[in-house]
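Input: a single structure, listed below in structure tokens.
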Amino acid sequence: MKPWKLYCKDRNMKIVFGFALSLTCASFLMGDLHAKEQDQAGPSQKEIAFSASSMKAKDYGAGRGLRVGVVDLNSVFEKYEKRKILDAQLKEQEKQCQKVLSDKKKELVGLNEKIQLLDLGSDIRKKEEENFERKNMELESYAKFAEKILVKKFKDYFQGIYTEVCSEIENIGKREQYDLIIKTEEPELQGGGISELQYKVNIKMVLYHSDTVDITNQVVEALNKKHLEAGKGK
Numbered sequence: 355m356k357p358w359k360l361y362c363k364d365r366n367m368k369i370v371f372g373f374a375l376s377l378t379c380a381s382f383l384m385g386d387l388h389a390k391e392q393d394q395a396g397p398s399q400k401e402i403a404f405s406a407s408s409m410k411a412k413d414y415g416a417g418r419g420l421r422v423g424v425v426d427l428n429s430v431f432e433k434y435e436k437r438k439i440l441d442a443q444l445k446e447q448e449k450q451c452q453k454v455l456s457d458k459k460k461e462l463v464g465l466n467e468k469i470q471l472l473d474l475g476s477d478i479r480k481k482e483e484e485n486f487e488r489k490n491m492e493l494e495s496y497a498k499f500a501e502k503i504l505v506k507k508f509k510d511y512f513q514g515i516y517t518e519v520c521s522e523i524e525n526i527g528k529r530e531q532y533d534l535i536i537k538t539e540e541p542e543l544q545g546g547g548i549s550e551l552q553y554k555v556n557i558k559m560v561l562y563h564s565d566t567v568d569i570t571n572q573v574v575e576a577l578n579k580k581h582l583e584a585g586k587g588k
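For the record, in the sequence shown the residue sitting at position 31 is 385 according to this note's numbering, with numbers rising by one throughout.
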């Protein structure tokens, strides 16, 4: 007798997540953000250069030089306590979904073994085979549903964190009278093909800056302070 075919393949039950923010799942979101920035990179960099030159000339006339700051967004994400908490919550929810999937798969395996012991063509076997098909479809549907829900939660959570970070940078910029605050990061150049290497090089906007203009730690401290105060208020 041929074993009853288990239609739900392992790959249909794998849900890939993590913020390996390290943001592991965040890679497609960061890639989307980088892509949008890259689409605007040509004209925006020229506009920044022109605008910076104009402001510099104007400010020198007024007795004040152009004030510029840089922020390492990757470092901010890694050190923001709220992100760590939300990341842990997502991982726990993913773990629960994986358990449900594992239990459903075990049930199917047991049902398949039961089917093999039944006579071919018997009414009871046909009934169990129909039951197997139904449960297999339920498993596949749940896997897709769980993945969709987790992806949406991650996207909403990441966009919320990104908005908070940008808002805090803007607050610091206005409060301390910065003329320009630029994103900086060190891309990982090891591995990948030529096109990927070119992309990573192209998204690096700041080639050099002194430590005096780096306000990354200031942004992290401000975000964590607000998060701590919000927690005390609950």
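A virtual CB, placed ideally from N, CA and C, is assigned to each residue, including glycine. Quick caveat, the model's predicted, so the values are computed rather than measured.
Would residue i and residue j be called neighbours here (beta carbons separated by less than 8 Å)?
i: E482; j: L472; result: yes
i: V424; j: V573; result: no
i: I526; j: A576; result: yes
i: R437; j: I515; result: yes
i: E461; j: K489; result: yes
i: D533; j: V422; result: yes
i: E524; j: L427; result: no
i: K507; j: L444; result: yes
i: Y434; j: N556; result: no
i: M559; j: K537; result: yes
Return the residue from the list the options that minimises the CA-CA distance to residue i.
i: D457; options: E524, Y496, I535, C520; result: Y496
i: G464; options: N485, L582, N556, Y562; result: N485
i: L582; options: Q470, G475, L420, I439; result: I439
i: M491; options: L455, N571, G547, Q513; result: L455
i: F512; options: E550, E432, K528; result: E432
State the Cα-Cα distance for the pair residue i and residue j, rounded to the nearest angstrom.
i: K410; j: K586; result: Because the pLDDT of K410 is 44, which lies under 50, any placement of that residue in the model is unreliable, and the question is left without a value.
i: E467; j: K498; result: 26 Å
i: G545; j: Q452; result: 31 Å
i: Q470; j: S476; result: 12 Å
i: E518; j: V505; result: 20 Å
i: A584; j: K509; result: 23 Å
i: K459; j: I478; result: 22 Å
i: L360; j: E550; result: Note that L360 scores 41 on pLDDT, short of 50, meaning its location in the model is unreliable; the coordinates nonetheless yield the value given after this. So the alpha carbons of these two residues sit roughly 39 Å apart.
i: Q552; j: T566; result: 29 Å
Use the C-beta contact count for residue i: other C-beta atoms within 10 angstroms, 16 or more gives buried, fewer gives exposed.
i: S376; result: Only weak support is given to the placement of S376: the predicted model assigns it a pLDDT of 38, under 50, and the question is left unresolved by the model.
i: D441; result: buried
i: I569; result: buried
i: A500; result: buried
i: Q392; result: Because Q392 sits at a pLDDT of 48, beneath the cut-off of 50, its placement in the model cannot be relied upon, and the point is left open.
i: E448; result: buried
i: E487; result: exposed
i: L474; result: exposed
i: E530; result: exposed
i: E522; result: buried
i: S564; result: exposed
i: N571; result: exposed
i: K412; result: Residue confidence is low: K412 scores 43 on pLDDT, short of 50, so the model does not pin down where it sits. No coordinate-derived value is stated.
Between which two residues does the beta strand (DSSP E) containing residue i stretch?
i: G423; result: 422-426
i: L472; result: Careful: L472 lies outside any beta strand (DSSP E) and carries neither H nor E.
i: T538; result: 534-538
Along the alpha helix (DSSP H) that carries residue i, what are the first and last residues, could you check?
i: I557; result: Segment: none, I557 is in no alpha helix (DSSP H) and carries neither H nor E.
i: I503; result: 477-529
i: T570; result: 570-586
For the ligand ADP, any of its heavy atoms closer than 7 Å to the Cβ of residue i?
i: K579; result: Among the components modelled here there is no ligand, and therefore nothing to report on the ligand ADP.
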